[in-house]
Structure formats: C-alpha cells, structure tokens
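Below is one structure, written out as structure tokens; comments come after it.
4 protein chains.
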Amino acid sequence: MNAIRVAVIGAQGRMGAQAVDAIGEAEGLKLVAALGSSDSLEILRERNVDVAVELTVPKSTEDNVRWLVEHDIDTVVGTTGWDNERLARLEETLRSHPKTGVLIAPNFSIGAVLAMRFAELAAPYFDSAEVVEIHHTRKLDAPSGTANHTAQRIAAARSAAGLPQVPDSTESDPHGARGAVIDGIHVHAIRQQGMNAHEEIHLGSSGEALTIRTDSHSTSAFMPGIVTAVRSISEYTGLVHGLENMLDL
Amino acid sequence: MNAIRVAVIGAQGRMGAQAVDAIGEAEGLKLVAALGSSDSLEILRERNVDVAVELTVPKSTEDNVRWLVEHDIDTVVGTTGWDNERLARLEETLRSHPKTGVLIAPNFSIGAVLAMRFAELAAPYFDSAEVVEIHHTRKLDAPSGTANHTAQRIAAARSAAGLPQVPDSTESDPHGARGAVIDGIHVHAIRQQGMNAHEEIHLGSSGEALTIRTDSHSTSAFMPGIVTAVRSISEYTGLVHGLENMLDL
Amino acid sequence: MNAIRVAVIGAQGRMGAQAVDAIGEAEGLKLVAALGSSDSLEILRERNVDVAVELTVPKSTEDNVRWLVEHDIDTVVGTTGWDNERLARLEETLRSHPKTGVLIAPNFSIGAVLAMRFAELAAPYFDSAEVVEIHHTRKLDAPSGTANHTAQRIAAARSAAGLPQVPDSTESDPHGARGAVIDGIHVHAIRQQGMNAHEEIHLGSSGEALTIRTDSHSTSAFMPGIVTAVRSISEYTGLVHGLENMLDL
Amino acid sequence: MNAIRVAVIGAQGRMGAQAVDAIGEAEGLKLVAALGSSDSLEILRERNVDVAVELTVPKSTEDNVRWLVEHDIDTVVGTTGWDNERLARLEETLRSHPKTGVLIAPNFSIGAVLAMRFAELAAPYFDSAEVVEIHHTRKLDAPSGTANHTAQRIAAARSAAGLPQVPDSTESDPHGARGAVIDGIHVHAIRQQGMNAHEEIHLGSSGEALTIRTDSHSTSAFMPGIVTAVRSISEYTGLVHGLENMLDL
Chain A
1 MNAIRVAVIG AQGRMGAQAV DAIGEAEGLK LVAALGSSDS LEILRERNVD
51 VAVELTVPKS TEDNVRWLVE HDIDTVVGTT GWDNERLARL EETLRSHPKT
101 GVLIAPNFSI GAVLAMRFAE LAAPYFDSAE VVEIHHTRKL DAPSGTANHT
151 AQRIAAARSA AGLPQVPDST ESDPHGARGA VIDGIHVHAI RQQGMNAHEE
201 IHLGSSGEAL TIRTDSHSTS AFMPGIVTAV RSISEYTGLV HGLENMLDL
Chain B
1 MNAIRVAVIG AQGRMGAQAV DAIGEAEGLK LVAALGSSDS LEILRERNVD
51 VAVELTVPKS TEDNVRWLVE HDIDTVVGTT GWDNERLARL EETLRSHPKT
101 GVLIAPNFSI GAVLAMRFAE LAAPYFDSAE VVEIHHTRKL DAPSGTANHT
151 AQRIAAARSA AGLPQVPDST ESDPHGARGA VIDGIHVHAI RQQGMNAHEE
201 IHLGSSGEAL TIRTDSHSTS AFMPGIVTAV RSISEYTGLV HGLENMLDL
Chain C
1 MNAIRVAVIG AQGRMGAQAV DAIGEAEGLK LVAALGSSDS LEILRERNVD
51 VAVELTVPKS TEDNVRWLVE HDIDTVVGTT GWDNERLARL EETLRSHPKT
101 GVLIAPNFSI GAVLAMRFAE LAAPYFDSAE VVEIHHTRKL DAPSGTANHT
151 AQRIAAARSA AGLPQVPDST ESDPHGARGA VIDGIHVHAI RQQGMNAHEE
201 IHLGSSGEAL TIRTDSHSTS AFMPGIVTAV RSISEYTGLV HGLENMLDL
Chain D
1 MNAIRVAVIG AQGRMGAQAV DAIGEAEGLK LVAALGSSDS LEILRERNVD
51 VAVELTVPKS TEDNVRWLVE HDIDTVVGTT GWDNERLARL EETLRSHPKT
101 GVLIAPNFSI GAVLAMRFAE LAAPYFDSAE VVEIHHTRKL DAPSGTANHT
151 AQRIAAARSA AGLPQVPDST ESDPHGARGA VIDGIHVHAI RQQGMNAHEE
201 IHLGSSGEAL TIRTDSHSTS AFMPGIVTAV RSISEYTGLV HGLENMLDL
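Dropping the structure here:
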C-alpha cells in the first residue's frame, strides 16, 4: 500500500509544529508539505496531497477548507470557530464534491472523546451525574466547551432512558457553589496554575459511584487523534463532526 | 403488563435480605417468595414464580439452579463458586430446557461492569494500562477477581488491536513494587480499613491519561444490577455469563 | 490509672448510639450513663461522671452544657447550633468554673480536621487553591460548613503569607461554573447519590499540584475523633473550639 | 537589602537551565554566574557569589561542593548520588567552616515534601497506610526514592505512636499484587506513558479515608523549591538534609 500523502496547513503554530512531527513519524503517512501563513495552497496540488490537516486560525480556516474541498482533498480540521453558519456553507460546498470528506473536531484528545462517549453510555444506569473540569489559569471562558458538551450528552442520554431530574435537596446556596446547570446537569470549573486540560465525570447511585477522568497534560495529547483521523478520513465523505465518529466504540 | 413474579432464594443472607427489599420496591416486579436455608424449593412452583434470584452459598447453588432449570424458571445467580465443570454441567441441563435462561454474574455492580467494558473499549487507543484495586482489610485474596478479569480483558483488547507489550524500563525492583502481572498487565492491590470494593483503571499515552474508577461502598451497590437482570432474563435463553451482556452498551 | 467515667447525652440518636458503642469499646474509658431525651441530667452526678459527650439537638444543647459546666463536668459537644452569642454565654459561665473544659467541635472526622490543617499549612506555597466538596443528595445547604471553613482558613493563610489573589483569567462564565467565592477562594459543591461527606482541596503552582482528599463514608468516621476528645478534655480548661486543637500537629 | 548573588553550576543541564531562568526572575536574587561543565569554579570567587546552586552529575558533585565549602559559599545541592560516606566527608569539611551551610535535597518539589510531612503527621491517627507512586516509563527503578522514603517516615510515625502492624488478611497473593513492603508499609509503583512523577498516600480507618496526592508534571515543579532554598540557606550552618527543614510547617 502506498503511504498517504499529507500536508499540514498552519505548520508554524504550536499544534501545527507538533502535527508535522507526529505525521512525519507515523507509519503509513508521508508528510509532503508543511505550509506557513505566507505559503500558497497551490503547493498542495503540485505535491499530490491526499489529506490536508488544517490547523490555522478562525479567520483563515473557512477559506482554506473551501479551497481544499473544491480541489477534492480530504481534510482534517482542528481550528476552532466553526459556527452553524460556516458548517452550513461547508456542507453546501461538499454537496458538489460527493467523494470528499471533511472532519471538523473540536477536541482531538482521544481520552476526552472516549470519556464523553462512556459518560453517555453509563448515564442511564445512575441516579446522579455531575461534571468537573480543571484548566490552566489563562483560560477565558468557563465551563470548557468539552464540559459543556459532556453535560449535554449526559442530559440527552438520561432523557432518552426516561430518567427524572437528578436528585438535589439544596435549599440554600447563597454563593453559587452548586455551579452551572447545563440541560439539568451541574458543571463545575476549576482554574489551577500548573494544570492544562482535565475533565472528571461523576456518576452515582445508592452504594456506588463511577468516575471517568481524562487528563490532557499538553498539546502532544492531540497527536494520536490527528494521526487516527488522517488515516481514516478517506473512508468518509461529506462532513464528519467529532472524532468519536472515527473510533471503534 | 403483569408484574414479574420473583422469588429470592437465600433471603436470610446479607445480599438476600437486601434483594428482598430491592425487589419489593422495584416497579414491575412482585416478590412472591423469600426462601431461607430450611425452606423447600417446591414453594416456587406453588407460587408460579417467573424468575428466581439465587443468593445462597457455593455448596448449595449448583443443586438449586439445576432444580430451577428443570422446572423452567429463569434464574439470576449471584452466588460464587461456579467453576468450569459446574458451568459445563449447567449448560448440559439447559440444552434440555431451551426456553429457560440463567444469568451467572460474578459482579452485580453496574459501575464495575461498565468500568471493565470501557477499559476494554479504550485499551487499543493507549500505550500503557494498569489496574489498581482497593478492598477492605478482611479480604483473603489479592488481586480481586474483578481486577484480575479487567486485566485479562484489557490484555485481550490490546492483543486484538495489535499493540505491543506495555512500555516499562524497570531494571531494579527488589521488593516487587510493580505488583502482579496478569497477561502482561500490572495489577496492584491495596487493603485499607474503612474501604469496601473499589477499582481504578489507568490508561496513558504521550501527553494524556484516561482513568476509570468504580466504587462499591456497600452491598446496596449490587441491587440495581440484580433488578436489571430480573427484568431482562426472560428475554434470554441458555447460559448468560456476566451482567455486561444485559446492558445496552 | 482509673478509667475515665463517661456519659453520653443524646444516646438514642444516630451519632449517640454509635458513641455509646465506641466509648464502651475504647480502652481507658468506662461508659457509666447513656441518657435519652426523657432522662434527667441528675443521673450524671449520682454516677460520678468525669466527661460528658453531648450529642443532642440545637435547641437542647445550650441548657445541657450550662448545667454540665455548673457541675464541673468536662464536656465534649458534637451538637450544631453554637452561634457567637451562645459561645459568648458559655465562655461567661466557664469563667466561674476555671477548672472545667468544654470542646465544641463542628466536625469530629479526624481526616477532615487534618485535611483543613494541612491545607492551611500548604496554602502559602502554592499560587492556586480551590475546594470541592461532595455530599449526599439530602443535604439542604451548599457549600458544606467544612468546605466554607476550609476556604476561610486557606484565605487567611495566603493573606498572612502576603500572597496575591489566585490567578484567574475568566471573562465569560454565563452559568456560574466557577462556583462560590469564599474570601477569594472558589468552592464547588457536588451532590451525588450514594456518597456521604467528602472534601477535596486543590493546590497548584507551575508544574505541580498537591491534592488533599478526605472521605467520611459513614458516621462511624466520627468515633475516633470523639474518643480522642474524651481522653484529652481533662487536660484543657475553658472553651476549646475545634478538634484540631487536640491533635498533635 | 542587597540582592543575594547566586551562581548556578551545571547550567547547561535541563534542571540547570530552568534554575538559571527561575533565579533570574526571582525577586531579591541576582544571577551572577552560570557555569557549564568546562568552566572553572574560580569564576565564583571573582564574582563574589553568596549562594551556589549545584546541579551537575553524581561524579562531579562531591568535588564541587567541597570546593564551595572551602571557599565559604553557602550551597544548595540538587544532584543525586550523596550516599552516607559522602555525607560524612562533607560534614567533616563543614566542621572547619562553621559559618557555611549546605542543603542536600533529594526532592525540590514543595508538593512532594509537604505530602511526605503531612503523611507523617497524619499516620498516627489511621489504622491503614499505603503508598502508590506513578512515574514515566523511562524510570529504571521501582519504587521511587520518594515513595520509599515516604513509607519509612509513615512507619516511623506509626511506631512512635505505638500503632500495631497495618491490618491485612491476605492469605493468597500468587502474583505479588500487594506490592513492595517497606518497613511494614505496602508501596505500589505504576509506570504510565504520558505521566511524570506522582505520589498518592492512602490513609484509612473505619468509615473514613485521607488521601494526599502530589503531582510533578515537569521539572519546572522544582523551581519554587530551589528559589526558597537559595533565599533561606544563609540562615543555616552545617549540613541540612531535606527541603522540609526550610519550610514553615
């Protein structure tokens, strides 16, 4: 089998530089282009790229991905900023290129993706569920997108299983210690110097608890997810939203 | 729909007494018999029992279950002591009663069953995997059956995915701190006053970790599993080994 | 040495009944009276009680303790409801009985008391500090008194060491995921079926974390603290507030 | 007050390079020399160094420290390899330089040092105690020196308090899951890809648990300890063994 020919767009950023290394070392993948912000996408055509990894910035990502789809290059996108409007326009473009696949993944940590999926699978069997996330102290928003999404998926799984609201007798909470409530699930955000990105999902019933914790100590945590996505994207067409769709669960 | 008519055999034991309460309170189930060690199984025929819960002792369980199968009563077994010979004889008996189902479950904690299943699903995506179990200080054997079984399933999942041995550079370990090695997976057993039954599965790759923890604080942790099994056993025939086969995973 | 003669007041309550057992079994202690709500305190004089353990209800505790001090019986109080006014009146009474000691302890869990003390000692060495508490779902208030008190002591220790506010860049937290802020320290309260009383203190600096966790699985967790207090109270006079003052730290 | 004039010896190593940065940024400290392996120690005399930080390799450290003491320069040593013979020789040298202080610290992580101290303080109050350490997969020995030392200090504290052996009913442990036994305390070592250096101390009694965890995510975790030691060493004379002696506990 020929190696998959891969380009990294945004190769000078932190994630991009690590992706260049990870793809360079991964069996079955061949890095044929590493583009910085001043390089032309035309290089990708000259080098017969099979899969592009887009790791730039929110203001560039939509134009880049449109160009890639129009040139029928399967694409793995790790840049944020894909709101519903952008996704709709992308799906429109993909309709005219039915053989091309694009993965948009808000989180390439396989641990985080598995944790969310397991939380969803386990939720119907427990009375209580809460989410705690811990992040570095430079983070601007709380809770994290991952914690928010985890709570939504737990809520949906509980609802589908016919579970009632989580039990809670709190009558007095003058300072808001019970945290955020996302679709009925309480979410707590800790900001701690020396930490990176961490999530803990607490599930409980009479006499027992199940706790799922995921730790991303550094951006290197995202590389196995990116490599997995690059290897798999050619088997997909259209828009794939979330790395979990590519794991064997 | 008529309530399922349930009998508990071994109703005077600790687990049995709790099962009597749990079944009495569970929607859709009706407790119609609670047998102690001196009661005759004939009572079950008189009371038209649909499902029997067998929670006695290793020396009685095989005779009880054979009688139940011969009388076509679906059975949920929580008693230990079912070695391969006993299982083979039970399967033989079940062949002449093709409509009857028996669940033999070494662990009715839904949390523990889910943890094992999730460990198995996640194992192919991580370089490292180890298991730690914590139990009360009256436990005679180490590691626990659940930890042993978890290690075996992680090992099988890694092997099926083509993963190599876990990375380990240990050259000097004079006192055995690296613990037991079960099918290549290290297993550690802690004995701690005040604890009951707990398991922690550690999975790690460069930059990330996934940790799955299950706590059974008391035997009440087993009741949701028993109730789930009683509700589901009529949909099965033959021998079902392990509660995980009845969960929607 | 003669055994210390102990009375339990409030012996029919949950804590009281366990205290009766714990004192009955403790070396060097002799249980000589176990009073229910209809028994007269006069019994204590007849039985030459050295130490009383007061485990009744908020509305009775002040009258009981005043009577005990007036009769020069050293007292260990586990009942809640001692606000500043009550404490002031008690100190007034104690002034006329200079040989008598009273311990008022909001928490008899030695683990919880140690955790608070360690948090206070460690706080000056870390940039970040947050508190998470987990309690059963019947709890009416959030956060717990222990978590509240822990945050206050961390804040005081940081302040005494000249530390600035904890670092936090949060700009957007629409649902309150950052939790309660007690004296500048964030406190989070989880309510989970199957849990009892638990606290986790997170301390962090660049590259490192220190986490202190205390779990009280049942009221039996309070018995070692009560026994320790009963053994030590005769060495104290006046009001002692908090079990930590009796531990060798 | 004049700034303390500091030299780093071994400035080209990983720890040394970080120490150069940390000292350069620390208030009240002035980095006046950063020596590599080919530089002469004579530079330290020319630059009037107050405190030297020795971060070289086991084969050089003893000669370096002897030279520093002979030139009356207070010294903070982070290099390993100081066995009892070397320590004895160093104390001999220090006797002729009674105003000079040397700190030899096996661990500069303040979190790890605090965790050990807290474990020792708490140990007398709990029936059970075990230690778990987690390290990266390149580590050659198990258990870690820190875990070994923690177990010894817990054992000594238990012994001083008159506690019996930890309760343990294990009769069957064919694969060694109960781990290493150091002075009667069980120690478990996990090796996990993506982790760095972590320790968890488990203390338990009937109904309760106290868990102390310390995480060193990177060598940056050692810098606050080094800076604290550089600031304090001038107040000491002779040999100080262990950073804990310089913390306010």
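Protein chains in written order, with full-length UniProt numbering: chain A, 1 to 249; chain B, 1 to 249; chain C, 1 to 249; chain D, 1 to 249.
Cβ coordinates follow ideal geometry from the N, Cα and C atoms, glycine included.
Bear in mind that the values here come from a model prediction, so they are computed numbers and not experimental data.
- Glu-85/A: member of the alpha helix (DSSP H) spanning 84-95, first to last residue.
- Just so you know, the alpha carbons of Pro-58/B and Thr-80/B end up roughly 6 Å apart.
- Considering only Glu-27/A, Ala-19/A, Leu-249/A, Glu-70/A, the residue with the shortest C-alpha distance to Glu-42/A is Glu-70/A.
- Contact between Arg-5/D and Val-76/D is ruled out by a C-beta separation of about 14 Å, above the 8 Å threshold.
- Of all alpha-carbon atoms in Asn-245/D, Asp-39/D, Ala-221/D, the one lying nearest the alpha-carbon of Phe-126/C is that of Ala-221/D.
- Residue state for His-71/C is assigned as coil, using DSSP reduced to three classes.
- Listed along chain B are Ala-209, Leu-210, Thr-211, Ile-212, Arg-213, each with a C-beta nearer than 9 Å to that of Arg-213/A.
- Between Leu-35/C and Ile-9/C a beta carbon distance of about 5 Å is seen, short of the 8 Å cut, so the two are scored as contacting.
- Below the 7 Å Cβ cutoff, chain C contributes Gly-194, His-217 as neighbours of His-217/B, in chain order.
- DSSP links Ser-172/A through a beta bridge to Asp-141/C.
- Think of a sphere of 9 Å around the beta carbon of Leu-243/D: no beta carbon from chain C falls inside it, the nearest being about 11 Å out.
- Judged by DSSP in its simplified three-state form, Asp-63/A adopts helix.
- For Leu-29/B, the nearest beta carbon of chain A is not closer than 7 Å to its own beta carbon.
- Remark: fewer than three beta-carbon pairs, one from each stretch, lie closer than 8 Å, so the stretch 153-162 of chain D and the stretch 206-217 of chain D are not flagged as touching.
- Taken through DSSP and simplified to helix, strand or coil, Glu-235/D comes out as helix.
- Pro-224/D has a beta carbon lying within less than 7 Å of a beta carbon in chain C.
- In chain order, Pro-98, Lys-99, Thr-100, Gly-101 place their CB closer than 7 Å to the CB of Thr-237/D, counting only its own chain and leaving out the 5 sequence neighbours on each side.
- The beta-carbon separation of Gly-207/C and Ser-218/D, rounded to 5 Å, stays under the 8 Å limit for a contact.
- The C-alpha of Ala-147/D lies about 37 Å from the C-alpha of Val-240/C.
- Under DSSP, Glu-199/B shares a beta bridge with Glu-133/B, Thr-214/B.
- Listed by position along chain B, the residues whose Cβ is nearer than 7 Å to that of Ser-169/D are Thr-137, Arg-138, Lys-139, Leu-140.
- Secondary-structure assignment with DSSP links Arg-47/D through no beta bridge to anything.
- For Gly-162/A and His-186/D, the gap between their C-alpha atoms comes out near 46 Å.
- Looking at the DSSP output, His-241/D bridges to Ile-104/D.
- Each residue's CA atom was taken as its position, placing Leu-121/B and Asp-248/A some 8 Å apart.
- The Cβ of Ile-110/C sits closer than 7 Å to at least one Cβ of chain D.
- With a threshold of 16 other beta carbon atoms within 10 Å, Glu-85/C falls short and is exposed.
- With respect to chain C, the C-beta atom of Ala-180/A has a partner C-beta closer than 7 Å.
- Annotation: Gly-225/A to Pro-106/A spans about 11 Å, alpha carbon to alpha carbon.
- Taking CB atoms only, Ser-144/B has no neighbour in chain A less than 7 Å away.
- Note that the C-beta distance between Thr-150/C and Ala-129/C is not below 7 Å.
- One Cα belongs to Gly-78/A, the other to Pro-164/C, and the distance between them is close to 36 Å.
- Here the alpha carbons of Arg-14/B and Ala-197/B stand approximately 16 Å from one another.
- The beta-carbon of Ala-157/A is placed no less than 7 Å from the nearest beta-carbon of chain B.
- At a cut-off of 7 Å between beta-carbon atoms, Ala-22/D makes no contact with chain C.
- Residues of the stretch 32-65 of chain D with a C-beta atom less than 7 Å from some C-beta of chain C do not occur.
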